[in-house]
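So for the sequence shown, this note's numbering puts the first residue at 8; every next one is plus one.
As structure tokens, the structure follows; a few thoughts come after it.
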Amino acid sequence: MKYLAMAVALGISGFGISSIAPTPATAGGIQKACMSADRSAASRNLCGCIEDVAGAMLSRSEQSRVVKFFKDPHKSQVLRQSDRRTDEKFWQKYKQFGQAVNTYCG
């Protein structure tokens, strides 16, 4: 679980997510990447919940970036260290997403 949460990153704030229930029957890109990331804590329910939080907080293009982090976690570190304003803005949102995942899926 610890490593899976790290792959997703940190984050939560008040994004109006009152209740999020996993929907494993409708696996999206993040859920598929999560399940194939070969992490011991990965489960259909957890990965489905992560997908649901992403759907509530992230645009489709942002979700696409997150999928890449599951495939290559180093990309998240490259993003974190980037000096580009757009990358910094996304990193802050990604941290909030990670905190929301910890809150609702943890």
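For every residue, glycine included, the Cβ atom is placed at its ideal position computed from N, Cα and C.
From a predicted model like this one, the values you see are computed outputs, not experimental measurements.
The alpha helix (DSSP H) enclosing residue i, as first and last residue numbers
i: GLY55; result: 51 to 64
i: ASP94; result: 92 to 112
i: SER83; result: 81 to 88
DSSP-derived helix/strand/coil call for residue i
i: ALA40; result: helix
i: GLY21; result: Annotation note: pLDDT 40 at GLY21 (below 50); position unreliable, coordinate value reported separately. The answer is coil: DSSP assigns GLY21 none of H, G, I, E or B.
i: SER47; result: coil
Classification of residue i by the beta-carbon crowding that lies within 10 angstroms, buried from 16 upward
i: SER68; result: exposed
i: VAL60; result: buried
i: GLN4; result: Since the first residue of the chain shown is 8 and the last is 113, residue 4 is not available in this structure.
Spatial distance of residue i from residue j (CA atoms)
i: SER43; j: GLU95; result: 28 Å
i: GLY35; j: LEU65; result: 13 Å
i: GLU58; j: ARG92; result: 26 Å
i: CYS56; j: TYR101; result: 16 Å
i: LEU53; j: PHE97; result: 23 Å
i: PRO29; j: ASP90; result: For PRO29, the predicted model reports a pLDDT of 42, less than 50, meaning its position is unreliable; a value from the coordinates is still stated below. Spanning the two alpha carbons is a distance of roughly 35 Å.
- Query: Looking at C-beta atoms only, is the number of pairs between the stretch 38 to 48 and the stretch 81 to 90 that lie closer than 8 Å three or more?
  - Reply: no
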